[in-house]
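Taken in order, these protein sequences are the chains called F and B. Residue numbers 452 to 533, in the working numbering, belong to the letters of the first sequence in order. Residue numbers 452 to 533, in the working numbering, belong to the letters of the second sequence in order. Every residue gets a Cβ at the ideal spot worked out from N, C-alpha and C, and that includes glycine. Written below as structure tokens is the structure these notes are about.
Number of protein chains: 2
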Amino acid sequence: MFKATVIIRRRPSILDPQGVAVEKGASLLGLSNVKETRIGKFIEFVVDANDKSAAEKEVNEYCNKLLANPIMEDYEFKLEKI
Amino acid sequence: MFKATVIIRRRPSILDPQGVAVEKGASLLGLSNVKETRIGKFIEFVVDANDKSAAEKEVNEYCNKLLANPIMEDYEFKLEKI
Numbered sequence: 452m453f454k455a456t457v458i459i460r461r462r463p464s465i466l467d468p469q470g471v472a473v474e475k476g477a478s479l480l481g482l483s484n485v486k487e488t489r490i491g492k493f494i495e496f497v498v499d500a501n502d503k504s505a506a507e508k509e510v511n512e513y514c515n516k517l518l519a520n521p522i523m524e525d526y527e528f529k530l531e532k533i
Numbered sequence: 452m453f454k455a456t457v458i459i460r461r462r463p464s465i466l467d468p469q470g471v472a473v474e475k476g477a478s479l480l481g482l483s484n485v486k487e488t489r490i491g492k493f494i495e496f497v498v499d500a501n502d503k504s505a506a507e508k509e510v511n512e513y514c515n516k517l518l519a520n521p522i523m524e525d526y527e528f529k530l531e532k533i
């Protein structure tokens, strides 16, 4: 069994409207020192696999088919044996 | 200037419907070895502050007032001087 931690970010060249909106809210609240906010996803799950390469294959498939949008997002992941 | 990286997770006791939905999709696609999927947020931004404690204060305020929902989410962050 492995614990997988996946980080999904929008590609740097792609606008992040959610980040822009939150930052506008920040400046309205007087937080004017925060800049370049980008909001991505942080996903954790357990993979039931015997070895690391099988777990990696499963995580890649899960990311490519469901978790990330391969057109505008990049993902990276870490696996930890549990 | 500091680069801040914030991870926001739902509290473990709170149901994550997005995670449940994605996992259902996974099992329909034949990925039956992934379990306990929890979807959080991964947020990156730049804080314009002279010292680390001022930056920490700003990040805490940003998280509590805008980024995280203090009722059902926890956050943690890292600061890196840039």
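*Taking the alpha carbon of residue 500 of chain F as the point to measure from, which residue in B:482, B:492, B:515 and B:532 has its own alpha carbon closest?*
B:482
*For residue 455 of chain B, three-class secondary structure by DSSP*: strand
*When DSSP labels each residue in this structure, what does residue 481 of chain B get in the three-state scheme?*
coil
*Sorted by chain position, which residues of the same chain lie with C-beta nearer than 8 angstroms to residue 467 of chain B's C-beta, five sequence neighbours on each side aside?*
461, 488, 489 and 490
*Is residue 530 of chain F helix, strand or coil when you go by DSSP?*
strand
_Interface residues of the region 461-479 of chain F facing chain B [CB-CB below 9 angstroms]_ = 470, 473, 474, 476 and 477
*Just how far apart, CA to CA, sit residue 498 of chain F and residue 479 of chain F?*
43 angstroms
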